[in-house]
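Below is one structure, written out as structure tokens; comments come after it.
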Amino acid sequence: MPAGLVPSKRIQVKNPLIAHNPPQLQAVVSIVERAPGSVPFVIFGPPGTGKTVTMVESVFQILSANPQARVLAIAPSNSAADLITTRLMSLGAEQLFRFYAPSRHKETVPLELRAFTFATANGHFAVPGLAKMKTYRVVVTTCVSASVVSGIGIPRGHYSHIFCDEAGQATEPEVMIAIKTMADKQTNVVLSGDPKQLGPIIRSAIARELGLEKSFIERLMAMEIYDQVRGYGKSVVKLTKNFRSHPSILKFPNERFYQGELEACGSPSVVNAYVNWGPLPNGQFPVIFHAIRGKDDREASSPSFFNVDEVSQVKSYVAMLRDDRRVRITDNDIGVITPYHAQCLKIRAVLRAFADGVKVGSVEEFQGQERQVIIVSTVRSSREFVEYDLRHTLGFVANPRRFNVAVTRAQALLIVIGDPDVLGLDPLWRTFLNYVHGNGGWTGPDISWNPDQPVDEAGGYDQAVREAALFDMTQFTKRMEDMTVAGVNADDADEDVERPWQDVE
Numbered sequence: 001m002p003a004g005l006v007p008s009k010r011i012q013v014k015n016p017l018i019a020h021n022p023p024q025l026q027a028v029v030s031i032v033e034r035a036p037g038s039v040p041f042v043i044f045g046p047p048g049t050g051k052t053v054t055m056v057e058s059v060f061q062i063l064s065a066n067p068q069a070r071v072l073a074i075a076p077s078n079s080a081a082d083l084i085t086t087r088l089m090s091l092g093a094e095q096l097f098r099f100y101a102p103s104r105h106k107e108t109v110p111l112e113l114r115a116f117t118f119a120t121a122n123g124h125f126a127v128p129g130l131a132k133m134k135t136y137r138v139v140v141t142t143c144v145s146a147s148v149v150s151g152i153g154i155p156r157g158h159y160s161h162i163f164c165d166e167a168g169q170a171t172e173p174e175v176m177i178a179i180k181t182m183a184d185k186q187t188n189v190v191l192s193g194d195p196k197q198l199g200p201i202i203r204s205a206i207a208r209e210l211g212l213e214k215s216f217i218e219r220l221m222a223m224e225i226y227d228q229v230r231g232y233g234k235s236v237v238k239l240t241k242n243f244r245s246h247p248s249i250l251k252f253p254n255e256r257f258y259q260g261e262l263e264a265c266g267s268p269s270v271v272n273a274y275v276n277w278g279p280l281p282n283g284q285f286p287v288i289f290h291a292i293r294g295k296d297d298r299e300a301s302s303p304s305f306f307n308v309d310e311v312s313q314v315k316s317y318v319a320m321l322r323d324d325r326r327v328r329i330t331d332n333d334i335g336v337i338t339p340y341h342a343q344c345l346k347i348r349a350v351l352r353a354f355a356d357g358v359k360v361g362s363v364e365e366f367q368g369q370e371r372q373v374i375i376v377s378t379v380r381s382s383r384e385f386v387e388y389d390l391r392h393t394l395g396f397v398a399n400p401r402r403f404n405v406a407v408t409r410a411q412a413l414l415i416v417i418g419d420p421d422v423l424g425l426d427p428l429w430r431t432f433l434n435y436v437h438g439n440g441g442w443t444g445p446d447i448s449w450n451p452d453q454p455v456d457e458a459g460g461y462d463q464a465v466r467e468a469a470l471f472d473m474t475q476f477t478k479r480m481e482d483m484t485v486a487g488v489n490a491d492d493a494d495e496d497v498e499r500p501w502q503d504v505e
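Here is the structure:
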């Protein structure tokens, strides 16, 4: 991180923690002091670094510095927009407005946020009159619903600033709804996100080929002006203090995705909770890779995979965690991540009797969240199906962003369950497995290769599998055709990964 910028004595931060975090403080100062009409500013927030906190502090400071300032804050999902609203609630209902689409049911909105909304006599969400809307200093909504402010007649330039949180998860057209309809030459745009994590969910193969998988923030950060060194404090700030994870959990993704710049700053009482936990192969290393050479399978009516051996092992770990008397945790402190819908259903079923509150879901469902303990069930144990993963990047294999999100959700304990011979076909996974093995975190059948041998980043470990899997791909295509003839919905048949439709309105 470049030195010599910050600190501005004119800013008295609302959140005192930011005063002791130079990158966060630099981002706030840079955003507040930007000249009108500057290039978009990027808050590059790796996992657990407080990008939303930084964005919210910037909003407070802008409103304090300029009585004429108006802010339109957007996010790709309602949950992300609700988080922004919650952290801005101290502004009061006279200054803050949260818009929901009329299709949204009132019961699904957090009770504490309803005072910041407007509803018609029949209970449907709406917007107040144009004059009233203009009085709000901050309007929060989703990217898609941002069109409403233009639709009711608010002119371009009314909002001095447009903020987009979780910008890496939004498609560029989604972000452009607010920018193209409300920004003029004086408007400042701020994007907060992490292009190293999951991008937008794109279901159309054609849309992916045309580039819609690349978010606006990712496209900007590929430009020279957003170089993290030369552009620091001018166009971009990378947050570097991680307040989430134990150093051993953070170390691998930090070095792999963030040039080793992240600093583990989590509360010791939280991140060290499972140091010396009984089942740890190495008591000082709260990361476990549990090797299982099981068998993945599929139901006759769906190609979505499950692995009964991993289901059983997940159940065993959850039971140990819930029964532990040294560390008292609740179901809400445990998360189970798995890439296949069928595996989610199997795990939920076995946990229902004693740990029904444990969240089980896809990587997409966990992005932006954290749990004290994360268990990752990778599922795949059949080499003949790995070719399908490699081509479609549905599982964890050959998908660095999905891997990054999965292993960075944990605060105190990370448990990964899988078949090392299958996962090791991918250079990224092979390197991770070597890391865990080298630190004594391995359990189950021993590693089948020399973990001290450098990993060939060019890959090639999967070549034999690709050649052997051609027949399986033919069979898979035939299976899909047979299911179509049998009347199985094509959308259901292609849900190898649980990719939930985003709540975007």
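Just so you know, the UniProt record's numbering puts 25 at position 25 of the sequence shown, and the rest follows in order with no gaps.
Each residue gets a CB set at the ideal place from its N, CA and C atoms; glycine is no exception.
Just so we're clear, the structure is a prediction, and the values are computed from it rather than from any experiment.
- Task: Classify I177 as helix, strand or coil using the three-state DSSP reduction.
- Result: helix
- Message: Suppose you measure from the CA of G266 to the CA of P247; what does that come to, to the nearest Å?
- Response: 9 Å
- From which residue to which residue does the beta strand (DSSP E) around G233 run? Element bounds for G233: n/a, residue is neither H nor E.
- List the residues that DSSP assigns as beta-bridge partners of R256. Bridge partners of R256: none, in fact.
- By DSSP, does residue 506 sit in helix, in strand, or in coil? Any property of residue 506 remains undetermined from this structure, which presents the chain solely from 1 to 505.
- Selected residue, minimal CA-CA separation from Y435, among D419, T181 and P454: P454
- Query: What span of residues does the alpha helix (DSSP H) with R325 cover, start to end?
  - Reply: Looking at the DSSP string, R325 is not in any alpha helix (DSSP H), and its letter there is neither H nor E.
- Item | Continuous alpha helix (DSSP H) assignments of at least 4 residues falling wholly in the stretch 7-85 | For the stretch 7-85, whole alpha helix (DSSP H) runs of length 4 or above, ordered along the chain, are 22-32 and 51-65.
- Message: Using a 10 Å radius around the Cβ and a threshold of 16 neighbouring Cβ atoms, would you call P303 buried or exposed?
- Response: Interpretation of P303 is limited by its pLDDT of 48, a score under 50 that renders its predicted location unreliable; the figure taken from the coordinates is listed afterwards. With at least 16 other beta carbons inside 10 angstroms of its own, P303 counts as buried.
- Look at the Cβ atom of G45, then the Cβ atom of D194, and state whether they are nearer than 7 Å. yes
- Query: Can you give the Cα-Cα distance for K14 and F60, rounded to whole angstroms?
  - Reply: 8 Å
- Measure from the alpha carbon of G50 to the alpha carbon of each residue in T443, E166, F99 and P67, then state which is nearest. Among T443, E166, F99 and P67, the Cα nearest to that of G50 belongs to E166.
- Query: Under the three-state reduction of DSSP, which class applies to P303: helix, strand or coil?
  - Reply: With a pLDDT of 48 at P303, under the threshold of 50, the modelled position of that residue is not reliable, and the figure given next carries that caveat. In this structure, P303 counts as coil in the three-state DSSP scheme.
- Per DSSP, which residues does L414 bridge with? Please list them. V287 and I374
- Query: Out of curiosity, what's the CA-to-CA distance linking Q169 and I202?
  - Reply: 10 Å
- Give the straight-line distance between the Cα atoms of V229 and R34, rounded to the nearest whole angstrom. 18 Å
- How big is the Cα-Cα spacing for V327 and H341? 31 Å
- Message: Spatial neighbours of N282 within its chain, please: C-beta separation below 8 Å, excluding the five flanking residues on both sides.
- Response: N439, G440 and G441
- Message: A27 and T54 - do their beta-carbons sit closer together than 7 Å?
- Response: yes
- Taking three-plus beta-carbon pairs below 8 Å as touching, is the stretch 411-428 in contact with the stretch 217-226? no
- Message: Residues in the same chain with beta-carbon distance under 8 Å from A126, minus the five sequence neighbours each way, listed in chain order, please.
- Response: P102, F118, A119 and T120
- Message: Spatial neighbours of R401 within its chain, please: C-beta separation below 8 Å, excluding the five flanking residues on both sides.
- Response: K196, Q197, L198 and G199
- If you follow the beta strand (DSSP E) that H161 is part of, which residue opens it and which one closes it? H161 to C164
- Message: Going by beta-carbon coordinates alone, are I11 and H161 separated by less than 7 Å?
- Response: no
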